[in-house]
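Heads up, the sequence shown is in the numbering used here, so the first residue is 45 and it goes up one at a time.
Some notes on the structure that comes next.
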Amino acid sequence: MATQVLAHITGTVWKVEKNVGDRVESGEPIVIIESMKMEMPVESPCAGTILEIRVAEKQPVEEGAVVAVVE
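Next up, the structure:
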């Protein structure tokens, strides 16, 4: 079953750490969001394979936005 990975803070995507098809473990960073000069990782909530990356570097994101999908 696919799991959505949500941004937990409003900011700008600083770096996309993973690509579609990559295997991730629970707690592993998928993207880094910069907010107020702080870099906050958005971690995978579960182990699996990345099906989608829905953001790009330098893209603004809102808290609660889906940044990736893991299955």
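We treat Cβ as the ideally placed atom computed from N, Cα and C, and that holds for glycine.
Since the structure is predicted, the reported quantities are computational estimates derived from the model, not experimental observations.
Taking the straight line between their C-alpha atoms, what separation do you get for Ala112 and Lys102? So the two alpha carbons sit approximately 16 Å from each other.
Met82 by DSSP, collapsed to three states: which one? Met82 sits in a strand when the DSSP states are folded into three classes.
Is the beta carbon of Lys59 less than 9 Å from the beta carbon of Val68? No, Cβ-Cβ distance for Lys59 and Val68 is not below 9 Å.
Identify the continuous beta strand (DSSP E) that holds Gly55 and give its terminal residues. From DSSP, the beta strand (DSSP E) with Gly55 extends over Gly55 to Val60.
Does DSSP put Glu87 in a helix, in a strand, or in coil? Of the three classes helix, strand and coil, the one that applies to Glu87 here is strand, per DSSP.
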